[in-house]
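2 protein chains.
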Amino acid sequence: MEAEISFHKFNRKARSNHDQVARALGIEIMSGVYPPGTRLPHEADVLDRFGISRTVLREALKTLTAKGLIASKSRVGTKVLDATHWNLFDADVLSWKVAQGFDEKLSNDLAEIRRAIEPRAAALAAKHADRDVIAQLRRCIADMRAATDSRRHFAEADLEFHRAVGAASGNMLMRALSAVIETALVESFTLSSPVRNLAQHETVVRKHERIVDAIEARDPQAAAAAMDAVIVRGVRGVDGALVT
Amino acid sequence: MEAEISFHKFNRKARSNHDQVARALGIEIMSGVYPPGTRLPHEADVLDRFGISRTVLREALKTLTAKGLIASKSRVGTKVLDATHWNLFDADVLSWKVAQGFDEKLSNDLAEIRRAIEPRAAALAAKHADRDVIAQLRRCIADMRAATDSRRHFAEADLEFHRAVGAASGNMLMRALSAVIETALVESFTLSSPVRNLAQHETVVRKHERIVDAIEARDPQAAAAAMDAVIVRGVRGVDGALVT
DNA sequence: CCAAGTTATTTGTCATACGAATTGTTGTTT
DNA sequence: AAACAACAATTCGTATGACAAATAACTTGG
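Sequences listed follow chains L and B, in order. Numbering-wise (the working numbering), the first sequence opens with residue 8 and increments by one. Numbering-wise (the working numbering), the second sequence opens with residue 8 and increments by one.
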């Protein structure tokens, strides 16, 4: 029980009790501690382990069920579902996945999705972006340029830009998708944080600027191309891998 | 007698109590009965309304919280979150959204996402699809061709094909995304089910066949183009709107 | 040996009580 | 009178114990 307490302290957001339990179990499922098809320990055991009441555990399990990780049946127990059922586009699930291990495969998969979604979002934004949206994008660029001090600050400004483009697409689904993906990327930086020099910093900012220029010029194809360049650069770059 | 009353409310899975409550509240939130920022009724009122215990309600609310629809704080109550927080790529949430009203906007948004994701998934599949995957895709085609009796059968075979392509991409995230989107499309058919004649049926099947041909020929660009053609045809087609 | 009924186990639901947190109120002080 | 601080009320969070429902495993009669 003491071990669990110390584990909880690593939780950044010390939220309510069942959220911590859900996160702990979620990460363990991702890690393969409980492979798909197997059963979780009985309620009593988990209760003992975390030192919580049954109410809390059941709410945690309900959260995991809602996110597609597990399914409970009477008598047979709660078993871990196949990975195909996991809601990977849930911010929490993706966060757990990243926390469990941000390997190259996941990194590539994320990049593929980005290359599929974001250029099209930029193209859509170019079609019907009003002055306010463009001003907002410019502000994001300014924030990126100003964020020379901390790598985390830059990542957050970058995230904000890409989220804004997703929102500017006018497509609810694209906005949601961009938001989840960018959040996962930012979380991954907290694990592995390579260094970045100032010259590259300015280069990356310029590349983002070209996206806004294309959107303002109402040139969908150019916007898409500029966005794709930013993502590809991020993927292949030795330094800023996955940065943009 | 009473089994046929609801379209797909209890049609799908007459699951446990809290799932029904969660679904009911979820659809109401989508419908704007409780706009973002406002508070849900007090626990006591909802308890009364559904005639359930507090445990069930709390598990239902926990489910909605896990899907990003609501957030609870002590003393202030549980309030509906802004639509930006909703996990639209959760199968349930998307299903509720479709059940609430499948308007043209949502239809277009879905098509945009499909045009972004699926061609790239097909291209990836063309890069590294083995014999088994191709055989599976051929089987899906055969199912589609055979499904001349019921419109629903055809939709399900179609769904299976697109899901298989998503899986064949080798990208976990794309597979998950395709699965959610296609499921939402199939659900939308249960609401509006236009008619389809045999000639068009065969045309659509042929178009799908071209995708598999391109994948088998390991031609990513052709695969992407063929997939895009299928989706665009579905969007613009007078008859099979959104069918694929 | 088989089949139908029984039992045991595990999740699902209910009911009640108390704790924690926050906000509105009220009383005190300046 | 105004500002501040202590308090109370309200609402969610957690704990606890009991019972219901469902089903896998067992038992028993044929």
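Each residue gets a CB set at the ideal place from its N, CA and C atoms; glycine is no exception.
Contact annotation for E66(B) against chain L: R65, E66, K69 [CB-CB distance below 8 Å, chain order].
The stretch 93 to 106 of chain B makes no contact with the stretch 56 to 65 of chain B, as fewer than three CB pairs between them are under 8 Å. A78(L) sits in a strand when the DSSP states are folded into three classes.
Listed in chain order, the non-local C-beta contacts of R217(B) below 7 Å within the same chain comprise A233, local neighbours out to five positions each way being set aside. Residues of the stretch 174 to 188 of chain L with a C-beta atom less than 9 Å from some C-beta of chain B are A174, S176, G177, N178, M179, L180, M181, R182, A183, L184, A186, V187, I188, listed in chain order.
Between the beta-carbon of A221(B) and that of A133(B) there is about 6 Å, and that keeps the pair under the 8 Å contact cut. For a cut-off of 8 Å, the C-beta gap from K80(L) to M37(L) is around 22 Å, too long to register as a contact. Between V219(L) and the set V237(L), A31(L), I120(L), the nearest pair of CA atoms involves V237(L).
At a Cβ-Cβ threshold of 8 Å, K69(B) and E66(L) count as neighbours. Here DSSP, grouped into helix, strand and coil, assigns V187(B) to helix. If you check the CB distance, L117(B) and I188(B) come in under 8 Å. When Cβ-Cβ separations below 8 Å define contact, E111(B) makes no contact with chain L. With respect to the 8 Å criterion, S176(B) and L131(B) are classified as neighbours on the basis of their beta carbons. Restricting attention to beta strand (DSSP E) runs no shorter than 3 residues, the stretch 40 to 90 of chain L encloses them at 77 to 80, 84 to 87, ordered along the chain. Each residue's CA atom was taken as its position, placing G39(B) and T155(L) some 43 Å apart. Separation of D235(B) and T45(B) (C-alpha to C-alpha, rounded to the nearest whole angstrom) is 41 Å.
Put simply, the CB of K74(L) is near chain B, with a gap under 8 Å to one of its CB atoms. In the DSSP assignment, S157(L) falls outside any alpha helix (DSSP H) and carries neither an H nor an E.
Residue burial annotation: D52(L) is exposed, with fewer than 16 other C-beta atoms found within 10 angstroms of its C-beta.
For N204(B), no alpha helix (DSSP H) run applies, since DSSP gives it neither H nor E.
Counting only residues of its own chain and dropping the five nearest sequence neighbours on each side, F196(L) has a CB closer than 6 Å to the CB of A162. Residues I34 of the same chain have their beta carbon placed closer than 6 Å to that of A106(L), with the five preceding and five following residues left out of the count. Take the alpha-carbon of L54(B) and the one of T85(B): they are about 14 Å apart.
About 18 Å separates the CB atoms of M181(B) and I141(B); that is not less than 8 Å, and the two are not in contact. Taking the C-beta atoms as reference points, A231(B) is found no nearer than 8 Å to A153(B). The alpha-carbon separation between E194(L) and R30(L) amounts to approximately 15 Å. With a threshold of 8 Å between beta carbons, I124(B) makes contact with chain L.
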